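J.: Protein chains in written order, with the working numbering: chain A, 14 to 440; chain B, 86 to 376. Note that the Cβ used here is the ideal one computed from N, Cα and C, for glycine as well. All of these numbers come straight from a predicted model, not from anything done at the bench.
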C-alpha cells in the first residue's frame, strides 16, 4: 500500500500544483476526481498511482509528455517505467508530423532580430480609392484606402520598413470583411427554407388552437469556411515573410483559420499569431520558427501536414500557399502532394511574389508541376496584391458544389498550366 | 451492478469476453464505473475505442446504446422528440368528443419519443446501460454544449415535462478521433484516456483471440510486419482493426506463414490509399519479404 497515512488532499494539491507549473492544465474538477479516485481505489503500486493520476488529471494528449516528466520527477524510483510503455516498438510514429508534433517539436530559440518594431496604431478615414488590379472581376469593390497607406501599398515588400509593414498589416486586417462560407448540416428557421420543421410548426400551432396554420420552414445554416494558409519562410522568401505573417495574423484574428510557416519543417503558428498585440504576435512567431531562411521542402511539408493531426482541418477548406515555388523536393513529389491537397481542400490558392512581373512564366519546374492543382494563382509582392488574395478568399462564397464540379470537369488538372497564370476565376 | 474491486478485476472481466485491455484502459474503465463519470477515449482510428464500449457492455451484460455524432445533431436526434402525429390525432379525437385539451394533456410521456440519451437515462434494467457517444469530434460546438447537463449531472431537462435524472447513471463513453479540438468544458467533465497502439506482445495476444483460425507463426510474423510498416512514411498507418482484418484475410487464404505473394494479394486490407500501397510494396524487400 502506497501513501499510507498521507493526507490525500494535501498530496493531490501538491502534485497538481506541480503539474500546473509544468504546463498541464488541471482544473478543480480534475483535482476533485483525483481525490475521489484515490479514495475509491487506494493505489498499491507506482503504476496504479500513475494511471489513477493520469486518467483523472490529464485531459489532452499533448500534455501527456509533461505529465510523465513531472510524475517521474516526483516518484522517480522507477523513472520512465509506465511512460516508456507509450513508446513501445510497435508504436513508433512515422517520422513526419504525427499528432502534436507541431506543438512539441519547435520550442524555438529566437532567430532574427529584424522584425517589426514600434507600431503606429492609427488609421484615418480615407477617400475611397478603387482596387482595380483585376478589373474584369465582378468583385472589384472599391476599397477604402487610408491615404498614408495608399502610397505604401504599391511598394514591394523588400523596400518597406518594419513599421510600415506593420501598419499595412493592420490595414489588411480591416480589409478582410468578406469571409467564405459553407453550408452546414445544422438548420435554422428561415422563410426561404424548403423543409418544414414539424417541431416549430406544432409549437406555433399552439397559438391557433392546435391548428397548424403557419408552416415554419427551416434552411441550412451558413458557417464560415475554414481557411488554411501555408507560408514559405525559406531563404528565397525572406523579403516577403514579414508581410505574409501579417496576412496570416489577420486571417487568424478575423475567423477560424489555421496557419503554418514552413521551410524545411512546418510550424503551426495559429496560437501565437492570435495574440492581441501585433508586435508580440509577430515576435513570438518569428522565434517559434527555428528553421526560417533555410532551404525549402514544400512537398515534404504539405504531405506531412496532410498526414498530421491538422490534416483534418484542410478538409473542405480554402488553402492558401504563399511561396515562390522553389522547392528542393522533386516536381513529381510536389505534384503528388498538391494532388492530395487538391482532393482534400475546397479551393487551393497559390500566391507567388514573383508572379507580379509582367513577363512572368512558371519556369521553375516545381512551380509548373504545382500549378495544375491550383484554383487560382495570384501575384503577391505588394500589400495591394495581398488585397487581391483577400478578395479571392472572399470570392469562395456562394460557389455551389455543382458549379465547382462543372468547372473542374471542363478543366481537367494537367491540361495547360500556362492558362492558369494570373487568375482562374470561378465564373 | 457488478462491483469491481479494482482495475485488475475489470481487466479480468473484459478478458472473459475476449477484449484485452492494458492497465491504463482498465484503470480508466474502472474509474468510469466507480466514480460514475463519463470517459473520453481518444486514439488513432482503429485502435479499439468503440470496441472498448461494446466489450464493456457485453461484459456487464447490459445493452449498448449508441449515438453516432455528426454535424447538426440536435435535441430531436440525441435527447427526445415529441410524437407530433399522435398529438395531432389526439387533438382531432378530443375535438370529435367535444373535449377540451390542455398543454398538460398533450405533453406527457405518452407522446414522447426517446432518443439515445433519454433512453439511457430512463433505462430500467438491472444493470445501468453503456451509452456510447461515438466520434464526438464530428459533431459541432452546439451539440457539445447540449451534452453538458447530461455529462455533468446525469440528467436532462425537457421544458414541458421537467428534469429526468438517472436513478443509476449510465456508463458514458465518448470517443474522438481528434479531427477537431474539443471544448475544455467538455474535457473537464470527463475522465480521459489516450489509447495507444498495443505493444507487439499484446497485439499478438489480441490477434490470437480475435482470429482463432490463424496459426502462431502467422501471427508472430504479421505483428512484426505491421510494426515495420508503421515505421514507414504512410498516409494512413494500419491500426489494430486493419491488422485483425489482414490476419483474417491471410488465414482465409489458408496461409500458415507470411510470404510475399500472400502479402501482395491481401495488401488491400492494410493499405488504404494508392500511395500507401506503392510505399508498402516498395519496402517489402527492406522488411525481409523480397521477391
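Going by Cα to Cα distance, which pick from A:278, A:221, A:231 and A:205 is closest to residue 246 of chain A?
T.: For the residues A:278, A:221, A:231 and A:205, the minimum Cα distance to residue 246 of chain A belongs to A:278.
J.: Which residue marks the beginning of the beta strand (DSSP E) containing residue 198 of chain B, and which one marks its end?
T.: Element bounds for residue 198 of chain B: 197-199.
J.: So if I threshold CB-CB distances at 9 Å, which residues from the region 193-216 of chain A count as touching chain B?
T.: Result list: 197, 198, 199, 200, 211, 212, 214 and 215.
J.: Decide if the region 121-129 of chain B is in contact with the region 271-289 of chain B; the criterion is three or more beta carbon pairs, one per stretch, under 8 Å apart.
T.: The region 121-129 of chain B vs the region 271-289 of chain B: in contact.
J.: My output table needs one value for residue 98 of chain B: the three-state DSSP class, helix, strand or coil.
T.: Looking at residue 98 of chain B - three-state DSSP - the assignment turns out to be helix.
J.: Between residue 74 of chain A and chain B, is any beta-carbon pair separated by less than 8 Å?
T.: With 8 Å as the cut-off, residue 74 of chain A counts as an interface residue toward chain B.
J.: Identify whether residue 277 of chain A lies in helix, strand or coil by the three-state DSSP scheme.
T.: Residue state, collapsed to three classes: coil.
J.: List the whole-angstrom C-beta distance separating residue 195 of chain A from residue 236 of chain A, where the pair is believed to meet the contact cut-off of C-beta under 8 Å.
T.: Going by Cβ atoms, the distance from residue 195 of chain A to residue 236 of chain A rounds to 6 Å, so yes, they are a contact pair.
J.: Using a Cβ cut-off of 8 Å, pull out every chain B residue sitting near residue 42 of chain A, in sequence order please.
T.: In chain order: 273 and 274.
J.: Buried or exposed, going by whether 16 or more other CB atoms sit within 10 Å of the CB of residue 209 of chain B?
T.: By the neighbour-count rule (16 or more Cβ atoms within 10 Å), residue 209 of chain B is not buried but exposed.
J.: Taking only beta carbons into account, state which residues of the region 49-61 of chain A come closer than 9 Å to chain B, listed in chain order.
T.: Taking 9 Å as the Cβ-Cβ cut-off against chain B, the residues of the region 49-61 of chain A that qualify are 49, 50, 53, 54, 57, 60 and 61.
J.: Along the region 333-344 of chain A, where does the CB come closer than 9 Å to a CB of chain B? Name the residues.
T.: Those residues of the region 333-344 of chain A that come within reach of chain B (Cβ to Cβ, closer than 9 Å) do not exist; the list is empty.
J.: Please decide whether residue 68 of chain A counts as near chain B, where near means a Cβ-Cβ distance under 8 Å.
T.: With 8 Å as the cut-off, residue 68 of chain A counts as an interface residue toward chain B.
J.: Take residue 266 of chain B as the anchor and find which of B:171, B:203 and B:223 has the nearest alpha-carbon.
T.: It is B:223.
J.: Do residue 234 of chain A and residue 210 of chain A have their C-beta atoms within less than 8 Å of each other?
T.: No. Outside cutoff.
J.: Using 8 Å as the limit for Cβ to Cβ distance, is residue 29 of chain A near chain B?
T.: By this cut-off, residue 29 of chain A is not an interface position.
J.: Per DSSP, what kind of secondary structure is residue 30 of chain A in: helix, strand or coil?
T.: Residue 30 of chain A falls in the helix class under three-state DSSP.
J.: Taking three-plus beta-carbon pairs below 8 Å as touching, is the region 131-142 of chain B in contact with the region 75-88 of chain A?
T.: At 8 Å Cβ cutoff, the stretches do not touch.
J.: Using the Cβ count rule (16 or more neighbours within 10 Å means buried), how would you classify residue 283 of chain A?
T.: With 16 or more Cβ atoms within 10 Å of its Cβ, residue 283 of chain A is classed as buried.
J.: What do you reckon, are the CB atoms on residue 395 of chain A and residue 170 of chain A nearer than 8 Å?
T.: In this structure, residue 170 of chain A lies closer than 8 Å to residue 395 of chain A by Cβ.
J.: Pull up the CB-CB distance for residue 43 of chain A and residue 70 of chain A, whole angstroms please, since I reckon it's below 8 Å.
T.: 5 Å between Cβ atoms; contact.
J.: Interface residues of chain B around residue 77 of chain A at Cβ under 8 Å?
T.: Near residue 77 of chain A (Cβ distances below 8 Å), the residues of chain B are 279.
J.: By Cβ distance below 7 Å, which residues in the same chain neighbour residue 168 of chain A in space, the five residues on each side in sequence not counted?
T.: Within the same chain, residue 168 of chain A has close Cβ partners 395.
J.: Work out the CA separation of residue 349 of chain A and residue 334 of chain A for me, nearest whole Å.
T.: About 16 Å.
J.: Roughly how many whole angstroms lie between the Cα atoms of residue 137 of chain B and residue 353 of chain A?
T.: Each residue's Cα considered, the two are about 33 Å apart.
J.: Check whether the Cβ atoms of residue 238 of chain A and residue 332 of chain A lie closer than 8 Å to each other.
T.: Contact: no.
J.: Would you kindly report the start and end of the unbroken beta strand (DSSP E) that includes residue 253 of chain A?
T.: Here residue 253 of chain A belongs to no beta strand (DSSP E); instead the alpha helix (DSSP H) covers 251-267.
J.: Jot down the residue ranges of each uninterrupted beta strand (DSSP E) in the region 210-276 of chain B, minimum 3 residues, whole runs only, in chain order.
T.: The qualifying runs are 215-219, 240-243, 247-250 and 256-261.
J.: Does the region 284-292 of chain A come close enough to the region 317-329 of chain A that 3 or more CB-CB pairs lie under 8 Å?
T.: No, the region 317-329 of chain A does not touch the region 284-292 of chain A.
J.: Within 8 Å (strictly less), CB to CB, does residue 71 of chain A reach chain B?
T.: It does; some Cβ of chain B falls within 8 Å.
J.: Taking Cβ to Cβ, would you say residue 341 of chain B is nearer than 8 Å to residue 292 of chain B?
T.: No, Cβ-Cβ distance for residue 341 of chain B and residue 292 of chain B is not below 8 Å.
J.: Whole angstroms are fine: how far does the CA of residue 117 of chain B sit from the CA of residue 99 of chain B?
T.: Approximately 15 Å between the Cα atoms of the pair.
J.: Say whether chain B places a C-beta atom closer than 8 Å to the C-beta of residue 325 of chain A.
T.: At least one chain B Cβ lies under 8 Å of residue 325 of chain A.
J.: In angstroms, rounded to a whole number, what distance separates the CA positions of residue 337 of chain A and residue 272 of chain B?
T.: Those two C-alpha atoms are separated by around 42 Å.
J.: If we call anything under 8 Å between Cβ atoms a contact, is residue 253 of chain A one with residue 306 of chain A?
T.: Going by C-beta atoms, residue 253 of chain A is not nearer than 8 Å to residue 306 of chain A.
J.: Between the alpha carbons of residue 55 of chain A and residue 92 of chain B, how many angstroms are there, rounded?
T.: Taking the straight line joining both Cα atoms gives about 11 Å.
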